[in-house]
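**Student:** Quick one: the structure is below, questions incoming.
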Amino acid sequence: MARCLDLLKTAGIPVYFKRAKYNNIYDDDLIELCYDDTRAVFNFHRLENETRYFLTIRNGNEQLSLLHRNIILLVNEPCRILYQNKLYFFEDISGSKLQPFFEKEYISIPRKVEEKYYGSFILNAVRSQEINYSGFEIIDLPGRKEAILSVGTDLSGYPVFIPVFKYNDQYISAGDEGKKIAAFEVVNGNYVFRRYEKDLFWEVEVIRALRRLGLEGETPNLKLPGLPDDFSQALYAAIAWLSKHDKELKEIGISVSQEKLDHIYFTGSQSLDVKVNQVHDWFDVYAMVTFGEFSFPFVRLRKNILGQIREFKLPDGRIAILPFEWFARYQPVFSFGKPGEEAIRVQNCHFMLMEDLVLDPEVTVNEKLNKLIKAVIVPQEKPDGLCASLRNYQQEGYNWMYHLYSNNLGGCLADDMGLGKTIQALTLLLKLKRKDTSHPHFKHRNSGQLSLFVEDESAVEEQQPASLIVLPVSLVHNWEKEIRKFAPSLKAFVYSGARRREKSDLNDIIANFDIILTTYGTVRNDADDISKYEFFYLILDESQTIKNSESKTYKTITSIRSQHRIVLTGTPIENSLSDLWAQMNFLNRGFWGVRTILNKSLSFRLKKTIFSRQASGYKSLFILLCSEGPRRRLPKIFPPLPRRRL
Amino acid sequence: MEQKFIVAVSEHRLFGFLILPYFAEEGLDGKYLSISKRVRGYDLADGNFIFSSVQAQLVRLTEKYADENLAKKYNKKGTLNDFYKNVKTEEFNKKLVPFR
């Protein structure tokens, strides 16, 4: 009916009073609609033994008495009454409050329940109604206002933002329709109300500002859209939002309260300042993280970053939430780097990580990286002395191995069995055959670690030692045969069997031969002797033999020093990715990090699941270093023969 | 005679005072209006009277608290007489009248 009456306000439809059982309506029955300025005034008078409460109705300057006036209560909420052919519209009072005064002049509140009545009903009236009073005190005060954004959780445990307005010491939730705020207290037996005006315009502006920053929903509970389903992740996202908008919230004058949460989270501004110093064989990554007034080396967050733990306890007990992007960007640095007191040391071979870490133009790593990955593999001429013509794919393999040699990188030739890995390797060795073999001693490098950043290569080239080829016993004869057949100019020595040292010592062999063929077993037995020398190339055939990085063979092989390394295998991965890790770690030590993190890092890099940026870079280099990337398969190169008919 | 659309505050024997729409005709000397019938929902469609949008809206709203519709809310299968007979005056006063 309230909606009917509201429609009548603008419709211009005449409204009459129809008496029961009468069908005729006269002009006297026309009802006047009084829309505006009808209000109820609450009267409270505290007397000696009681408090009297009654209402007076005012329409403009006219005062209406409710008592015994044959008033018809048409609608209770919002109150609409019919009184002497006038229909009165009230906005902020219900009909049930008026009804008692149709029959009685006032309501008497006895002394014994007075205090409770003042603290509830009268307090509400003081807040929201026009009142006349005597016998107690109402003090109007200027309001000191403060906006608070309280972070809590809803019934389902999801984070919500609750705007609260504080006027002096009174907290009012957003959406409260009262015009004033009041507090009741008893002072020496006297009843006192302290009342403040609400700044409704300011409250609306605060809510609008919060919506502009991204909060949605209806007050009192605002929500952040697009939160993850997981409760803890949703809470982290909510805290991250607070951190992100810390400055704006302060500018608007909104403080943040976390009293409804289990912990107090850091919501101030946070930053990470990263500097990279390039030293000879490594990068020192200096990073300082700042959470508000706390500043400390980023290396202290190592456990968090590696363990994907987003919460970090600050010295004052607050919990900082690490930004999600830090995990994506810096986990590889911690995985591959060695943490120090203040810096993380990252080997040169991980230079790709630097690309994502800093965009500092002083660091020339990016140029080197791009040069290496994007460089076109230059076709090489067939070396003199090669008694064979290479097939196209063999020429490509040879070109590729020479390209790696030029860039001081090790490589894995993973062609299928029968495609000629041996001849490709021999072609490379023939191409790089030393000019002068008359040097009896070699200048040993300080480190066996290959470097991408060696500037002075001439010193190494001056004294080229023999190349060591390690292979299974069963292949020794085959290699000998192929060397004689395809590269007879290469002088080869078989360093294997019980009589291997009868003819001459190892030093002479290295000085006088181009190639030393040996077996994995021999290397294991003569590890102490062999590791004294440095070889030009160290080539492993059937390199999956060193797939177990805990084995003695692996440890011995990796202890042999050489200027360049190549592995040949038709099955680089037999069981798991750790097989590949062992071979790649032999080729370019440290490139793939520590094996224990292999399952986390190598697999996701290759599958491009989490850290896509790193993945793309690593994949490019992986393809470059290992022909497993664009691996040549036998059926692709030689289509299968038709089946024989019997 | 021309029919007029009026609204009247009218007393229902059970529900108290209601706002209801009526068709009325002017009396012979023009000094009074004679109510010819209460306007119901079905009158909107019969084409005998052209309703303004506000009038039509009023009819639809008042139809919601017509006896038949309230009776249907009480018991979908029961008749209007069942409704009057089974629901006591106290129940009307307690559960219906305050929410008009």
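Chains as they are written, first to last, in the working numbering: chain A, 1 to 646; chain B, 1001 to 1100. Where is the CB? At the ideal position from N, CA and C, for every residue including glycine.
Comparing the C-beta of N70/A with each C-beta of chain B, is any distance below 8 Å?
**Tutor:** no
**Student:** Using only the alpha-carbon positions, how far apart do L222/A and W326/A sit?
**Tutor:** When rounded, the separation of the alpha-carbon atoms in L222/A and W326/A is 28 Å.
**Student:** Across which residues does DSSP place T569/A in a beta bridge pair?
**Tutor:** According to DSSP, T569/A bridges with nothing at all.
**Student:** Please list, in chain order, the residues of the stretch 111-138 of chain A that have any C-beta partner in chain B closer than 8 Å.
**Tutor:** none
**Student:** As an exercise, report each continuous beta strand (DSSP E) stretch of at least 3 residues that is fully enclosed by the stretch 142-221 of chain A, in chain order.
**Tutor:** 145-153, 159-167, 170-173, 180-187 and 190-197
**Student:** Residues in the same chain with beta-carbon distance under 7 Å from V346/A, minus the five sequence neighbours each way, listed in chain order, please.
**Tutor:** W282, F283, V285, V333, F336, G337 and L353
**Student:** Whole angstroms are fine: how far does the CA of I13/A sit from the CA of I71/A?
**Tutor:** 23 Å
**Student:** If you reduce the DSSP assignment to three classes, tell me which class C4/A lands in.
**Tutor:** C4/A sits in a helix when the DSSP states are folded into three classes.
**Student:** Give a yes or no on whether 8 Å exceeds the smallest Cβ distance from L102/A to chain B.
**Tutor:** Per the sequence shown, residue 102/A should be read as Phe rather than Leu. Closer than 8 Å: no.
**Student:** Please confirm if P14/A has its CB atom under 8 Å from at least one CB of chain B.
**Tutor:** yes
**Student:** Quick one: is T1062/B near chain A, going by C-beta distance under 8 Å?
**Tutor:** yes
**Student:** Work out the CA separation of V276/A and I510/A for me, nearest whole Å.
**Tutor:** In a straight line, the C-alpha of I510/A is about 42 Å away from that of V276/A.
**Student:** With a 10 Å radius around its C-beta and 16 neighbouring C-beta atoms as the bar for buried, classify H68/A as buried or exposed.
**Tutor:** With fewer than 16 other Cβ atoms inside 10 Å of its own Cβ, H68/A counts as exposed.
**Student:** By DSSP's criteria, C34/A is part of a beta bridge. Which residues make up the other side?
**Tutor:** Y88/A
**Student:** Please classify F101/A: does DSSP put it in a helix, a strand, or coil?
**Tutor:** helix
**Student:** Taking CB distances under 8 Å as the criterion, tell me whether E1090/B reaches chain A.
**Tutor:** Cβ-Cβ to chain A under 8 Å: no for E1090/B.
**Student:** In this structure, how does DSSP classify Y1074/B when only helix, strand and coil are distinguished?
**Tutor:** helix
**Student:** Can you tell me whether N23/A is helix, strand or coil according to DSSP?
**Tutor:** Three-state result, N23/A: coil.
**Student:** Would M584/A be called buried (16 or more neighbouring beta carbons within 10 Å of its own) or exposed?
**Tutor:** Flag for M584/A reads buried.
**Student:** Might you give, ordered along the chain, the residues of its own chain that have their beta carbon closer than 6 Å to the beta carbon of I131/A, omitting 5 neighbours on each side?
**Tutor:** F42 and A125
**Student:** With a threshold of 16 other CB atoms inside 10 Å of the CB of I546/A, please say whether the residue is buried or exposed.
**Tutor:** buried
**Student:** Distance check for K431/A and P383/A, CA to CA, integer angstroms please.
**Tutor:** Their Cα atoms are separated by approximately 5 Å.
**Student:** Under a CB-based cut-off of 8 Å, is C79/A close to chain B?
**Tutor:** Under the Cβ distance rule, C79/A does not count among the residues neighbouring chain B, no pair being separated by less than 8 Å.
**Student:** Report all residues from its chain with a CB closer than 6 Å to the CB of E137/A; omit the five preceding and five following residues, and keep chain order.
**Tutor:** V192
**Student:** Closer than 9 Å, Cβ to Cβ, to anything on chain A: give me those residues from the stretch 1013-1037 of chain B, in chain order.
**Tutor:** R1013, G1016, F1017, L1018, I1019, L1020, P1021, Y1022, A1024, G1027, K1031, Y1032, L1033, S1034, I1035 and S1036
**Student:** Please report the distance separating the alpha-carbon of E648/A from that of D416/A.
**Tutor:** Residue numbering for chain A in the displayed model covers 1 to 646; residue 648/A lies beyond these limits and cannot be assessed.
**Student:** In whole angstroms, what is the alpha-carbon distance linking K116/A and A1071/B?
**Tutor:** Rounded to the nearest angstrom, the two C-alpha atoms are 43 Å apart.
**Student:** Could you list which residues in chain B have their beta carbon closer than 8 Å to that of N43/A, in chain order?
**Tutor:** Within 8 Å Cβ-Cβ: nothing; N43/A doesn't reach chain B, min ~25 Å.
**Student:** According to the neighbour-count rule (16 or more other Cβ atoms, all chains shown, within 10 Å of its Cβ), is N588/A buried or exposed?
**Tutor:** buried
**Student:** Please return the same chain residues whose Cβ sits closer than 7 Å to the Cβ of G217/A, not counting the five positions on each side in sequence.
**Tutor:** K223
**Student:** Quick check on the DSSP output: the beta strand (DSSP E) that includes N132/A runs from which residue to which?
**Tutor:** It spans E130 to S134 - the beta strand (DSSP E) in which N132/A sits, taken as one unbroken run.
**Student:** Measuring straight from C-alpha to C-alpha, what distance separates L30/A and N1069/B?
**Tutor:** 29 Å
**Student:** Identify whether A388/A lies in helix, strand or coil by the three-state DSSP scheme.
**Tutor:** coil
**Student:** Measuring straight from C-alpha to C-alpha, what distance separates I93/A and P142/A?
**Tutor:** 27 Å
**Student:** Quick one: which chain B residues come within Cβ less than 7 Å of R211/A?
**Tutor:** Correct list: empty, because the minimum Cβ distance to chain B is about 33 Å.
**Student:** With a threshold of 8 Å between beta-carbons, can E1002/B be considered close to chain A, or not?
**Tutor:** no
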